[in-house]
Every structure is written in C-alpha cells, then in structure tokens.
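Quick note on numbering: the numbering used here labels position 36 of the sequence shown as 30, and the sequence is numbered without any gaps.
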Amino acid sequence: MKNKDRQNNIHSNQTPEPDIELEKDTPETEDDVELIETEVQAQDEIKKIKQKLKDCNQEKQLIQDNLQRAKAEFLNAKKRLEAEKELSNERILNQCLTSLLSMCDSFEMAKNDDGVWNSVDDNWRKGIEGIEMQLKSILDTYSVEKVGLNIGDLFDPSKHEAVGIEKTEDLDKKNTVSKIIQAGYIRKRHDGSNDLLRPVRVIVVDVDTE
C-alpha cells in the first residue's frame, strides 16, 4: 500500500508536457496573390514574345532567302542578256564585214590583168588603189584575214566550200585543193576564236576509180 502511494506521489509531482501544435501555413495576402498572378502573366507574355521573335526570325530568313534568290536570278538574267547582246552585235558586225568582201573581189579582179591595169591613167589607178587601201584598213581594224589560199591543202569543211571536183589517178592528191575559185575570210576575235565570214570556194581532187 505504501509503495502504491509513493508512485502516485511521483506521478503527481511531474510537470505535464505541453500540447505541441503543428505550425500552420501563413494565409496568403491579397498582395501575394496579385504578385503571383503578375508573375504568371509576365511568363506568358515572355513566351508570346519569344514565339513572336522566333516567327520574325523565320520570316526574316525567308525574306533573305527570297532576296538572294531574286538577286541571283537577276544577275543570271543580266549576264544572259549581255551575252545575247554581244552575240547579236558580233553577228551584225560579221554581216557588215561580209558585205565588204565583194568589193575586195572587185579590186582583185580589176588588178588581175597586169597589162590593162598598168595601161590606165596613173591618177585613176592611184585613186583606185587608195580606195582599196581604205577598205583593207577597215578589215585590218576588225582583224579580218584571208584563209585557205594554198593549193594542195587538204580539203577542210570548216573553211572550204567545194564548188567542183577534179578527177585524178594519183592517190596522194585525193581530197586536196586543186584550184581556188574565190578567197575565204575569217575574223579573229579578242578571245582567240575565229568567225568564218566566207569559206574558200575551191575545186577538190577526187580519185578516178574507173
């Protein structure tokens, strides 16, 4: 009995433990809510701005690509037109020079007969020779030259035009030029190429197989 009373006294003398309450979240104020909403709106705006910036960059790139393409097409068209213009000018020039070649033929024909040519009045002959020199000066200015004037050359379709055939039994003379009927002319270009103004009209040797 005494032990039981002693235990009761011990328990009665102990300080009771206080109740521990869990700390509750502090309720959000109106300012906090407004700040959160503002941050959310700002993030949304930033996303929209980033998307617009991305779209603008894509549109800018597309415009630049189209501009470069248009520029390239313009330059190509310009080069093509310049090439066509140059080709047209070359063609017109060749036509004009070709029209002068018949005058060269006339001068040569007039001078072929030395007896007649030397018997005419000196002043008249000198005048004709002066005109011929002017004509040659024009042709020289545009680098016009005679070609294919050698008898015995192999027939070359790039500069010869066969206007007749001469038969022979000599195999070594086959397909060679036996006679020149009319001189041919070329014009040398600055790039080193040649324009054939008129082919050499020739008689070509062919082997008689009979």
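Here a beta-carbon is modelled for each residue, glycine too, at the ideal position from N, C-alpha and C.
Enumerated in chain order, which unbroken segments of the beta strand (DSSP E) with a length of 3 residues or greater are wholly contained in the segment 97 to 144? 138 to 141
Tell me the DSSP secondary structure of Asn48 in three-state form. Taking the sequence shown and counting its residues from 1, the one referred to as residue 48 is at position 54. In the sequence under discussion, the amino acid at residue 48 is Lys, which differs from the Asn named in the question. Residue state, collapsed to three classes: helix.
Does the count of Cβ pairs from the segment 110 to 126 and the segment 146 to 161 closer than 8 Å reach three? Touching, no, given that fewer than three Cβ pairs across the two stretches are closer than 8 Å.
Ordered along the chain, which non-local residues of its own chain (more than five positions away) have a Cβ less than 8 Å from that of Leu129? Counting from one through the sequence shown, the residue named residue 129 turns up at place 135. The residues are Leu94, Met97, Cys98 and Phe101.
Secondary structure of Thr32, DSSP reduced to three states: Translated into positions along the sequence shown, residue 32 becomes position 38. DSSP places Thr32 in the helix class (H, G or I) of the three-state scheme.
Using a Cβ-Cβ cutoff of less than 6 Å, which residues in the same chain neighbour Thr160 once the five nearest sequence positions on both sides are dropped? The residue given as residue 160 occupies position 166 in the sequence shown. Reading off the sequence, residue 160 comes out as Glu, not Thr. Excluding sequence neighbours, Glu160 sits near Ser172, Ile197 and Val199.
Check the DSSP bridge columns for Asn188 and list the partner residues they point to. Numbered from 1 along the sequence shown, position 194 holds the residue referred to as residue 188. According to DSSP, Asn188 bridges with Lys182.
Apply the 10 Å Cβ neighbour rule to Leu47 and answer buried if 16 or more other Cβ atoms are within range, or exposed otherwise. As a first step, residue 47 must be located in the sequence shown, where it is residue number 53. Exposed.
Using DSSP with H/G/I as helix, E/B as strand and the rest coil, what is Leu16? Taking the sequence shown and counting its residues from 1, one reaches residue 16 at position 22. For Leu16, the pLDDT reaches just 45, beneath the cut-off of 50, and the residue's location in the model is therefore unreliable, although a value from the coordinates is still provided. Of the three classes helix, strand and coil, the one that applies to Leu16 here is coil, per DSSP.
Gly158 lies in the beta strand (DSSP E); which residues open and close that run? Your numbering for residue 158 matches position 164 in the sequence shown. It spans His154 to Thr162 - the beta strand (DSSP E) in which Gly158 sits, taken as one unbroken run.
With distance defined between alpha-carbon atoms, name the residue in Thr162, Leu165, Val157 and Arg74 nearest to Arg195. As a working note, residue 195 is residue 201 in the sequence shown. Of Thr162, Leu165, Val157 and Arg74, the residue nearest in Cα terms is Val157.
Nearest residue (CA-CA) to Leu165, options Thr32, Arg119 and Val201: Within the sequence shown, numbered from 1, the residue matching residue 165 stands at position 171. Residue Val201 is the option with its Cα nearest to Leu165.
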